[in-house]
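In the working numbering, the protein residues as written are 1269 to 1406. Everything below concerns the one structure shown next.
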């Protein structure tokens, strides 16, 4: 078997395609959640804590060096922990959304499993059914 044919069989398996689709959808979902957090959730939170933009929060270790023309020759060195806080919020919201999705799926699956099969008729019900059938014949 040639390597190309073997690779084609490997790549075209259902699980590989499902995984690829999941990654693409997950990436798009990540962009949606990032926009939700940065554009909708974080501005009110920043306003509530005094108009702070989390991405602007940083500790400057070394100031930028500017020449006489006003051009930055050496960029500032800083620890951007506001961006880290933003990413933590993104993660928590994504994790919560995935949790709710999985919880809903589990609930649906439980409902399907919990649907009881009809109980077998008791001896008394069987006898009554036979009597009914005999009476119908007469």
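By construction, the Cβ of each residue, glycine as well, lies at the ideal position given by its N, Cα and C atoms. On a predicted model such as this, the values are computed, not experimentally measured, just so you know.
Candidates the options, of which the one nearest residue i by Cα
| i | options | result |
| --- | --- | --- |
| residue 1300 | 1319, 1358, 1345 and 1397 | 1358 |
| residue 1362 | 1331, 1277 and 1297 | 1297 |
| residue 1331 | 1340, 1394, 1400 and 1325 | 1340 |
| residue 1307 | 1323, 1334 and 1336 | 1323 |
| residue 1320 | 1334, 1353 and 1389 | 1353 |
| residue 1350 | 1275, 1325, 1283 and 1401 | 1325 |
Neighbour-count burial assignment, residue i, 16 or more Cβ in a 10 Å radius
| i | result |
| --- | --- |
| residue 1392 | exposed |
| residue 1377 | exposed |
| residue 1310 | buried |
| residue 1289 | exposed |
| residue 1292 | exposed |
| residue 1305 | buried |
Residue i - partner residues in DSSP beta bridges
| i | result |
| --- | --- |
| residue 1346 | 1328 |
| residue 1334 | 1340 |
Straight-line Cα distance separating residue j from residue i
| i | j | result |
| --- | --- | --- |
| residue 1303 | residue 1317 | 20 Å |
| residue 1365 | residue 1294 | 12 Å |
| residue 1271 | residue 1281 | 16 Å |
| residue 1403 | residue 1395 | 12 Å |
| residue 1360 | residue 1313 | 15 Å |
| residue 1356 | residue 1286 | 28 Å |
| residue 1328 | residue 1336 | 22 Å |
| residue 1399 | residue 1386 | 22 Å |
| residue 1277 | residue 1381 | 35 Å |
| residue 1397 | residue 1279 | 58 Å |
CB contact below 8 Å: residue i versus chain D
| i | result |
| --- | --- |
| residue 1357 | Absent from the structure is chain D; it holds one protein chain and no more. |
I want to know whether the segment 1363 to 1370 touches the segment 1341 to 1348 - three or more CB-CB distances under 8 Å.
no
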